[in-house]
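Using this note's numbering, you'd call the opening residue of the sequence shown number 132 and step up by one each time.
Cβ coordinates follow ideal geometry from the N, Cα and C atoms, glycine included.
If you're wondering where the values come from, they're calculated on a predicted model, not measured in any experiment.
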Amino acid sequence: MVSLEQHLTDAACDEKLKELILLLSQQAKPIKDAFVENQDYAGTTNMHGDNQMELDKWADEHLIKILRESQLIKTIASEEQEDIIEVITPDNSGFGVTLDPLDGSSLIAVNLAVGTIIGIYGNGDVLEKGKNMKAAAYILYGPLTVLVYTIKNGVHEFVLNDSGEFVLLRENITMPEGKLYSPGGLKKDHTEKHAKFIQKLEENGHKLRYSGSFVADFHQILRYGGIFSYPALKEKEDGKLRLLFEANPIGFIARQAGGEVSTGLKDILEITPTSIDQRVPIYVGNKSKIKDLEEHMKEDMKDEKEELRGVYDDE
Ligand code: AFP
């Protein structure tokens with residue numbers, strides 16, 4: 132059995148990055164163990180207005196404490212915190228880390244899979260284009276606890292065994308062409324363009340799979356192929372998901388697995404973030420579907436302009 136540590140060593144991972152990934156992986160067990168005692172709503176909201184669960188807060192505080200003490204980190208941005216946390220390190224260097232400590236937290240109370248999403252930047256800044264990440268990972272707490280990571284060496288999945296160690300489950304994962312679709316956002320709020328795209332997927336035999344946990348829904352897409360979307364909505368043109376904490380790390384992993392990630396019009400990993408709470412419409416999944424989607428979105432835009440031109444021409 133290949134351990135995560137061995138895998139990182141074999142991949143010639145930078146020593147400090149290896150230390151950081153291992154440190155984060157070691158937090159999977161304490162977080163999983165905290166589920167039983169932290170099942171209620173905490174009675175607070177985060178800066179995005181989401182109701183926080185006790186476990187959200189517990190995982191957030193736990194991860195921040197561990198990272199602060201590690202001396203490996205210069206900045207931490209967490210979905211549960213309003214500001215970027217600056218950490219003083221001896222030589223003023225260290226990684227920048229983004230955390231979604233507990234993604235899909237409304238599912239905690241119904242015992243469905245939720246996860247921790249991590250993005251790692253090399254030069255201590257987190258307001259960088261997603262493509263500049265050094266590594267990305269997620270931990271999914273389901274019937275099994277698994278960790279998926281990339282250091283730009285492909286995508287690999289590990290399972291937490293009874294001895295509390297992550298061991299290799301699948302190596303060099305590539306996203307197969309598949310027919311799952313996970314459409315976020317209420318149907319009544321979908322734009323016409325998005326609704327048409329979803330209709331095409333349905334007519335084309337795609338099977339609905341949507342749980343309310345991005346990390347769990349993406350994990351299915353990674354395994355079976357398809358497309359996840361949380362689009363621009365009629366009243367919320369940036370959609371719901373957060374660029375730093377959700378879209379970038381998962382998009383980075385998707386691309387490493389041969390998939391793609393897009394706003395519908397452009398590459399998400401090319402966006403320079405302007406704030407830590409930035410939201411972005413997201414489509415992530417098979418490259419071919421993202422290509423079709425972008426063509427469809429741009430085509431419709433052309434149609435719309437034509438229609439408008441028609442209106443003005445008549446005047
Ligand atoms: P929470 O972590 O606050 O539950 O949000 C989960 C999430 O950001 C993402 O994981 C889901 O895909 C999406 O929101 C679900 O949103 P809807 O409840 O609107 O489907």
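With fewer than 16 other Cβ atoms from the protein chains shown falling within 10 Å of its own Cβ, MET178 counts as exposed. Take the alpha-carbon of LEU233 and the one of LEU258: they are about 21 Å apart.
Between ASP214 and the set LEU203, LEU230, GLU185, the nearest pair of CA atoms involves LEU230. Note on geometry: alpha-carbon atoms of GLU200 and LYS147 lie some 14 Å from one another.
In this structure, VAL241 is the residue among VAL241, MET132, THR206 with its C-alpha nearest to the C-alpha of PHE166.
Proximity to LEU291 across GLU302, HIS193, LEU275, LYS283 peaks at LEU275, based on C-alpha coordinates. GLN183 and LEU238 have their C-alpha atoms roughly 12 Å apart. For GLU192, the secondary structure class from DSSP, reduced to helix, strand or coil, is helix.
Fully enclosed beta strand (DSSP E) runs of no fewer than 3 residues occupy 204-209, 226-234, 245-252, 264-272 of the segment 195-273, in order along the chain.
Nearest to ASN303 by alpha-carbon distance, out of GLY370, PHE289, ASN254, is PHE289. Using a C-beta cut-off of 8 Å, the segment 363-381 makes no contact with the segment 333-341, since fewer than three inter-stretch Cβ pairs fall below that distance. Annotated three-state conformation of ASP171 is coil, per DSSP.
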